[in-house]
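Below is one structure, written out as structure tokens; comments come after it.
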Amino acid sequence: VGMPANPVAPVISLIGPTVVDACSSMTLYASGVSIRPLRYQWSCSTDSSLDAYLRNLPPSSEVDFDVGTPQLALADRAYTISVKAVDFLGISSKAASLTVYKQSQPAPTVVF
Numbered sequence: 097v098g099m100p101a102n103p104v105a106p107v108i109s110l111i112g113p114t115v116v117d118a119c120s121s122m123t124l125y126a127s128g129v130s131i132r133p134l135r136y137q138w139s140c141s142t143d144s145s146l147d148a149y150l151r152n153l154p155p156s157s158e159v160d161f162d163v164g165t166p167q168l169a170l171a172d173r174a175y176t177i178s179v180k181a182v183d184f185l186g187i188s189s190k191a192a193s194l195t196v197y198k199q200s201q202p203a204p205t206v207v208f
């Protein structure tokens with residue numbers, strides 16, 4: 097079976113918080129539609145250390161950051177995290193991006 101004449105690239109979305117504090121954990125979720133499983137490639141365009149960490153992750157649709165998000169090394173800074181999906185034919189989606197601001201102070205919590 098050969099490559100389709102007009103292959104359709106996967107379309108994905110990225111969901112996660114836009115603010116995280118120095119005491120919290122964080123999970124980012126990518127989702128896409130394909131007839132076969134997608135491989136996800138994560139990156140960060142604003143921090144080389146975080147980029148190296150993300151590029152070495154397994155090709156999962158989910159990224160978990162530990163409590164305190166130590167992978168986001170500097171506080172009071174924005175990080176632009178992106179993900180692409182690659183299908184079984186090797187066709188890549190456009191990148192979906194999310195900017196996450198890591199604040200140094202814990203976010204206030206409201207309890208009812």
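Just so you know, my numbering puts the end of the sequence shown at 208, numbered straight through with nothing missing. Here a beta-carbon is modelled for each residue, glycine too, at the ideal position from N, C-alpha and C.
Contact under 8 Å by Cβ, CYS119 with PRO202
yes
State the Cα-Cα distance for the pair ARG151 and ALA101, rounded to the nearest angstrom.
About 31 Å.
Specify the secondary structure class of ASP183 as computed by DSSP and reduced to three states.
Coil.
Residues in its own chain within less than 6 Å of ALA174 by CB, not counting five upstream and five downstream?
Taken in chain order, the residues that qualify are THR195 and TYR197.
Run through DSSP, which three-state label would ASP162 get?
In this structure, DSSP gives ASP162 a state outside helix and strand, which the three-state scheme calls coil.
Where the alpha helix (DSSP H) through PRO147 begins and ends:
A quick correction: the sequence has Asp, not Pro, at residue 147. Note, ASP147: alpha helix (DSSP H), 144-151.
Measure from the alpha carbon of PHE184 to the alpha carbon of each residue in VAL129, PRO133, VAL115 and LEU110, then state which is nearest.
PRO133
Tell me the residue span of the beta strand (DSSP E) that contains THR114.
No beta strand (DSSP E) contains THR114, which DSSP labels as neither H nor E.
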